[in-house]
Amino acid sequence: MTAAPIAPLLEVRDLRIEYRGKMETIVAVPKLSFSVRPGESYGLVGESGCGKSTTAMAIMRYLGSTGVIAGGSIRLEGRELVGATQRQLRAIRGRRIAMVYQDPMGALNPVKTIGAQLNEVPMLHLGSTRAEATEMAAAMLKDVRLPDAGDMLKRYPHQLSGGQQQRVVIAMALLGRPSLLLLDEPTTGLDVTVEAAVIDLIAELRRRYRTSLLFISHNLGLIAESCDRVGIMYSGEMVEEAPTRNLFGKPRHPYTQGLIDCIPDIASGKHTRTLAAIPGHIPLPGERPPGCLFGPRCRDFRAGICDSLPEIPLTAAGKDHLVRCGRWREIDRARTTLPLQMSGAVSPAGTIEISDVGKLYHIGHRRTVTANEGVTFAAGRAEIVALVGESGCGKSTLARIVTGLDRATSGEIRMAGENIAELAASQRPRHMLQSIQMIFQNPDSTLNPSHSAGFSIRRSLKKFGLRKGRDAVEQRMRELLEMVRLSPDFAARKPDQLSGGQKQRIAIARAFAIDPSLIVADEPVSALDVSVQAAVVTLLLDIQASRHTTMLFISHDLALVRHVADKVVVMYLGRIMEKGTVDEIFGDTTHPYTEALISAIRSTNPDETSRTRIMLTGETPSPVNVPPGCRFASRCHRKLGAICDTVPPPVQLVSDTHEIACHIPIEDLQVPAKIVSPAPKVREPS
Amino acid sequence: MSVLTEQSGTEARAASAKIIKRRQWTRILRSRTAMIGLFIVTFWVLAALLAPILPLYSPTEQDVMAMADPTPSATHWLGTDILGRDQLSRLIFGARTVLMVAPLSVAVAMIVGITMGMLAGYYGGWIDAVISRFSDVILAFPVLVLYVILIANIGPSIINIVIATTIASAPGIGRITRGLVLGLKHQEYIAAARLRGESTLFIMLVELLPNCRSMLIVDACLRIGYTIITIGILGFLGLGLPPPNPDWGGMVKESTTVLNVWPLMSLVPSFAIVSLVLGFNLLADGLREAWKP
């Protein structure tokens, strides 16, 4: 074992964290050791429930009234934090360690101005006067690239956008000049292009202030890009730790390999690769198996080796590379993923034709929100059309209009010859309802908590009269549950007894129960952990392909879209920016917005990470009273000039299927070799 | 086989979920608050139910002998009232009235209030505006004055007490229901039901109402307590059930004239009211604790 030559900045040793309730004690983290070196960025990765946030809270000593550090030590710059008094901790928090949480709104006090909140930090920790503090705060706001710092200091948190709030929180964290910055999922709630900017900002500030980072995330791509060393946590234990390049290049632990195989990558679509899912779920703290905690989910599990020892030790698998696996030498890493078998050809006969659909919401007098405008595209039988865009781009509104949960204010949606654009679900005849079903985003609200999981499937089957009689309905329901790979007894369970992935499977079964010709899937997997996400996506694609169902797949995750879709529609602020087949969208002629979205995708492949990053300035403007010209003009990195602000862009045809709405001539929109480009430079916004 | 079945390992999870489910009920059983409340309420309910078969005096029978000294004795355990009627018997028979009128009033008020809240919350718009403003007007009215006006005008009887309490408490229940429905109606399972073509009535009764259940049950428990107080007040004001029916509020009123001499005569029915209201309140608190998400 090679010891680090320099003393670690943060050293966590044999940490044990328990939550002590009235009736039982839950061991959230049994025994955890890791260290962060000075100036280093350390990534802590794992799925929800693995204890990564608990660990961060323990380092800050914010475990709440029930959380207890039951053993081990946490040392910061040689000083022991476990057992430190509140007074000692106050001197450390904010000054030596600062934390950035996932939800910036929760970290900012809504009744105080940004300035007042920022001033507190130097006044409290550095003993500055108010004038000095204000000066420092203004300088720091400039450092986090917030425009017009003087004005910003006078504003209240709710007057800022999510991305701006997170920048303020980062500024606040850095004002105390901490030696360690804890980042707990700092960009999870942000849009991809905003996320890209925040991550780049963190990297830059880290270089400038020489702050060490403890970066906690479930997003492997982010971690791969922003960290020097990475620790993979599973059920409260560190299962593998290595420098980033080694970890993603040569993962040793089957769980790490599994996680990497789960994520869709931009280089391959559904015809070339199937996402490999990790079966099962992370064990609850009370149900940890003996031996290897990952054992029950591992394909390379061998009885006798993996379940015999009370604890499998972390062993060195190379320089700086630790792995907790009894069989790591024998397991070879090979992708055993097969491409999806496509049974039916995509037919050009249109299932749904959306033409010039618009949706205006009136808010107050003369103020309108344009959720959709001039949206036109079509989807053929068995085709998957992905609607892509950041929050507020109108993709979910369009989904609601298609399903009848909302009505369009203009335009036509034709399905089987009928115009359904202005028909609410309650006005639609039965055959129309039957032909469109929806899969929702949030597994926790997709099933009624008061009824069994099978309730809504049963209702659908009865309502549409697809099966007559109780036995036939029950029989059909068993088939549907089998189709989504759940055992039939799941029908009787209440939603609170199901995991997120299982709930989403039930929702898929419900949507397919009445054989719809069109499925609208609104971010069906975005709330799930990566390993579960892969399983659900694969399942959805399987069923869709075997039933020749047309699907509108709404997502903000471009890598996933690349994996799933046949056609892609890119939307921004209610308008279509670009549409085409997947290969065209991810090809070399694209709209500047698409280009920016694609460049924000992060890959874990160490040979691929040096992709040109396009950073967009600002954030999506408000859809209230939109500008007359190109919607994207205010953030575009390739803006031509005044024409972009005043004249709506023309729709240019690149091919029969590929359309781009932009003033820039097609020849100039070519971005050569964008996917795997070795260009190391980050292009600054012009 | 690219997707593996989710069955391995889920059995353990299901078992643990079952334990959690069971724990929700044992939590009520273990909650001391809920159990004390339940005990008091059960005591009075049993007493009221068993009143006819218990070896009691008739609540209207006068014992002239006891009128001289109405204090507790071997024959009258809690003494008698000024007319020589057995206090214990009047108390227990009085419980019958209270435990019939209060839950009945609350049940009727619940039906009216939930309907109002459901309509207002689910439809929104002008329906919501009309129902909410109407509720505001009633809630702004002093409840006691409302009772006195109503009962004094239409005369005291069980039905009239039910009508009065319904008018007074339905708007409050409506507000609670409206708030719950506003939070629930955007849930995705409601959208799924609409896409199935379910009727609005089905969505309200089967999809929404069961999810309001726990809050409404807690509220009903509290309201039964308040209604018992109201019935007591009405009795005390002489607007309760007409004599010689045993009525707790009326018992207090009749004995106030001799409060200086025989305070127990007022205290016994007062204590009965307090204990039963406390019982319902403790039960409500305990349920709220146990059902907390």
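Protein chains in written order, with this note's numbering: chain A, 837 to 1522; chain B, 221 to 513. Heads up, the beta-carbon is just placed ideally off N, CA and C, and yes, glycines get one too. Since we're looking at a predicted model, the values are computed, not measured.
According to DSSP, is residue i part of a helix, a strand, or is it coil?
| i | result |
| --- | --- |
| R1013(A) | coil |
| Y855(A) | strand |
| K1195(A) | strand |
| Y937(A) | coil |
| G333(B) | helix |
| T861(A) | strand |
| P866(A) | strand |
| T1445(A) | Residue placement at T1445(A) is flagged as unreliable, the pLDDT there being 49, under the threshold of 50; a coordinate-derived value is accordingly withheld. |
| V497(B) | helix |
| K1231(A) | helix |
| D1156(A) | coil |
| G1247(A) | strand |
| E883(A) | coil |
| S377(B) | coil |
| Q1506(A) | strand |
| Q407(B) | coil |
| S871(A) | strand |
| R806(A) | No statement about residue 806(A) is possible, as the shown extent of chain A runs from 837 to 1522 and does not include it. |
| V980(A) | coil |
| P1285(A) | coil |
| F1213(A) | strand |
| E1254(A) | strand |
What does residue i reach in chain B if we use C-beta pairs closer than 8 Å?
| i | result |
| --- | --- |
| Q1273(A) | L415 |
| K1299(A) | R416, G417, E418 |
| R1312(A) | Ordered by position in chain B, no residue passes the 8 Å Cβ test against R1312(A), which lies about 15 Å from the chain. |
| A1261(A) | R414, L415, G417 |
Determine whether the beta carbon atoms of residue i and residue j lie at a separation below 8 Å.
| i | j | result |
| --- | --- | --- |
| Q1369(A) | C1098(A) | yes |
| A1345(A) | I1293(A) | yes |
| A1033(A) | M1451(A) | yes |
| T1029(A) | A1401(A) | no |
| Q407(B) | S1286(A) | no |
| H1089(A) | V980(A) | no |
| G1225(A) | E1209(A) | no |
| M935(A) | A1009(A) | yes |
| Q1277(A) | P1360(A) | yes |
| H1384(A) | A1218(A) | yes |
| A967(A) | L954(A) | no |
| V382(B) | V318(B) | no |
| S1262(A) | R353(B) | no |
| E1480(A) | A1469(A) | One detail in the question is off: residue 1480(A) reads as Cys in this sequence, not Glu. It is a contact, given that the beta carbons lie within the stated cut-off. |
| A390(B) | Y367(B) | no |
| S901(A) | C1063(A) | no |
| R911(A) | E854(A) | no |
| I1350(A) | F1389(A) | no |
Taking residue i as the query, report the chain B residues whose CB atoms sit under 7 Å from its CB, ordered along the chain.
| i | result |
| --- | --- |
| T1239(A) | L415 |
By the criterion of Cβ-Cβ separation under 7 Å, what are the contact partners of residue i in chain A?
| i | result |
| --- | --- |
| E427(B) | N1284 |
| A254(B) | Going along chain A, no residue has its Cβ under 7 Å from A254(B), so there is no contact; the nearest lies around 15 Å. |
| Q282(B) | By Cβ distance, chain A contributes nothing, its closest Cβ being about 55 Å from Q282(B), past 7 Å. |
Return the bridge partner residues of residue i from the DSSP annotation.
| i | result |
| --- | --- |
| Y1070(A) | E1073(A) |
| Y1408(A) | R1411(A) |
| F1389(A) | A1222(A), A1357(A) |
| A1497(A) | V1487(A) |
| Y878(A) | L1050(A), R1065(A) |
| T916(A) | It is worth fixing the name first, because residue 916(A) is Glu in this sequence and not Thr. Answer is R911(A). |
Could you work out which residues of chain A lie near residue i, taking near to mean beta carbons separated by less than 9 Å?
| i | result |
| --- | --- |
| P430(B) | N1284, P1285, S1286, H1287 |
Show which residues of chain A have a CB atom less than 8 Å away from the CB atom of residue i.
| i | result |
| --- | --- |
| E509(B) | Residues of chain A passing the Cβ test: none, with the nearest at roughly 12 Å. |
| Y530(B) | No statement about residue 530(B) is possible, as the shown extent of chain B runs from 221 to 513 and does not include it. |
Going along chain B, which residues have a C-beta under 9 Å from residue i?
| i | result |
| --- | --- |
| A1215(A) | Going along chain B, no residue has its Cβ under 9 Å from A1215(A), so there is no contact; the nearest lies around 18 Å. |
| R1266(A) | G417 |
For the stretch 1336-1352 of chain A, which residues have a CB atom closer than 9 Å to at least one CB atom of chain B, in sequence order?
G1337, Q1338, R1341, A1343, R1346, A1347, I1350
Using a Cβ-Cβ cut-off of less than 8 Å, list which residues of the stretch 1269-1296 of chain A approach chain B; keep chain order.
Going along the stretch 1269-1296 of chain A in chain order, one finds L1269, I1272, Q1273, M1274, F1276, Q1277, N1278, S1281, T1282, L1283, N1284, P1285, S1286, H1287, S1292, R1295, S1296 with a Cβ nearer than 8 Å to chain B.
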